[in-house]
Amino acid sequence: MERHPDELVLVLAAADHFKQLNDDFGHAAGDAALASVGARLTEWAGPHGVAGRLGGDEFAALARIEPGHQALRLDHLAPMTTPEQPTLLNWGDRSHFRTTPAPCVLCRKPAMLRSHAGEVVHKVCAEIWNLRNPHEVRFVSDDRPRRRKEVGVHA
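All residue numbers for the sequence shown refer to our numbering, where the first residue is 291 and numbers rise by one.
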């Protein structure tokens with residue numbers, strides 16, 4: 291840090307509406323969302339950086355980036371963290387959540403989510419695949435997320 295202070299970029303991030311996600315869809319959805327944010331920040335930080343959860347819904351990432359590339363790298367972070375971006379998948383329906391882990395079809399690490407086609411996959415892996423394959427349709431968002439309160443019989 292002392293040798294290259296102008297090459298360090300610190301990003302602090304919070305998962306907006308995290309409590310609402312936990313309340314509406316349960317802790318498994320909340321855990322998946324936190325893991326997804328952490329994975330996105332870790333990928334963004336790259337091999338010369340570090341990312342982690344500070345606590346609650348707060349995260350930090352520290353990356354070593356040449357000054358001439360810092361603005362571009364920060365621009366790349368925006369679509370990873372802004373929910374309005376079409377690259378992020380809206381998988382709020384309970385049908386996406388598995389009860390036992392299975393290998394992700396993309397990275398082979400254990401995952402608790404499945405796509406609309408039934409593929410076991412991490413949400414972040416699916417989003418990265420979509421970014422890298424913009425002309426192919428494989429992973430899509432829910433038409434309309436259902437809240438836990440809307441599922442089942444109501445009096």
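For glycine and all other residues, C-beta sits at the position ideal for the given N, C-alpha and C.
Residue closest to Leu362, alpha-carbon to alpha-carbon, out of Leu344, Trp334, Phe387, Ala322: Position 72 of the sequence shown holds residue 362. For Leu362, the closest alpha carbon among the candidates Leu344, Trp334, Phe387, Ala322 is that of Trp334.
Just to confirm before moving on: does the CB-CB distance between Leu302 and Leu367 stay below 9 Å? If you number the sequence shown from 1, residue 302 lands on position 12. If you number the sequence shown from 1, residue 367 lands on position 77. Contact flag unset, no.
Within 10 angstroms of its Cβ, does Glu292 collect 16 or more other Cβ (buried), or is it exposed? Counting from one through the sequence shown, the residue named residue 292 turns up at place 2. Under this definition Glu292 is an exposed residue.
Output the boundary residues of the alpha helix (DSSP H) element that contains Arg388. What you label residue 388 is simply residue 98 of the sequence shown in a count that begins at 1. Arg388: not part of any alpha helix (DSSP H); member of the beta strand (DSSP E) spanning 387–393, first to last residue.
Let me check one thing: in DSSP terms, what residues is Gly252 bridge-paired to? Residue 252 cannot be examined here, being either before or after the span of the chain that is shown, 291 to 445.
Assigned exposure category for Gln375 - 16 Cβ within 10 Å defines buried: Stepping through the sequence shown from its first residue, residue 375 is reached at position 85. Note that Gln375 scores a pLDDT of 40, beneath 50, so its modelled location is shaky and nothing firm can be said.
Could you check the C-alpha separation between Asp347 and Gly316 for me, to the nearest Å? Working through the sequence shown from its first residue, we reach residue 347 at position 57. Working through the sequence shown from its first residue, we reach residue 316 at position 26. Asp347 and Gly316: Cα-Cα distance of roughly 15 Å.
Buried or exposed (CB count within 10 angstroms, at least 16 for buried), Leu331: Sequence index remark: in the sequence shown, residue 331 carries index 41 (1-based). By the neighbour-count rule (16 or more Cβ atoms within 10 Å), Leu331 is buried.
Coarse secondary structure for Leu300, derived from DSSP in three states: By one-based count along the sequence shown, residue 300 stands at place 10. In the three-state DSSP reduction, Leu300 falls in the strand class (E or B).
Distance between Leu403 and His386 (C-alpha atoms, nearest Å): As a first step, residue 386 is located in the sequence shown; it is residue number 96 there, counting from the start. As a first step, residue 403 is located in the sequence shown; it is residue number 113 there, counting from the start. So the alpha carbons of these two residues sit roughly 5 Å apart.
Comparing alpha-carbon positions, which option in Leu324, Leu300, Pro295 lies nearest Lys309? Position 19 of the sequence shown, counted from the first residue, corresponds to residue 309. Per the Cα distances, Leu324.
In whole angstroms, what separates the C-alpha of Asp365 from that of Asp313? Translated into positions along the sequence shown, residue 365 becomes position 75. Translated into positions along the sequence shown, residue 313 becomes position 23. If I take the Cα positions, the gap works out to 31 Å.
Could you name the residues that DSSP lists as bridge partners for Leu403? Taking the sequence shown and counting its residues from 1, the one referred to as residue 403 is at position 113. For Leu403, which the question treats as bridged, DSSP gives the partners Phe387.
Buried or exposed, going by whether 16 or more other CB atoms sit within 10 Å of the CB of Gly320? Within the sequence shown, residue 320 is the residue found at index 30, counting from 1. Buried.
Would you mind giving the Cβ-Cβ distance between Val410 and Arg388, rounded to the nearest angstrom? I have them listed as a contact below 8 Å. Start at 1 with the first residue of the sequence shown, and residue 410 comes out as number 120. Start at 1 with the first residue of the sequence shown, and residue 388 comes out as number 98. Going by Cβ atoms, the distance from Val410 to Arg388 rounds to 7 Å, so yes, they are a contact pair.
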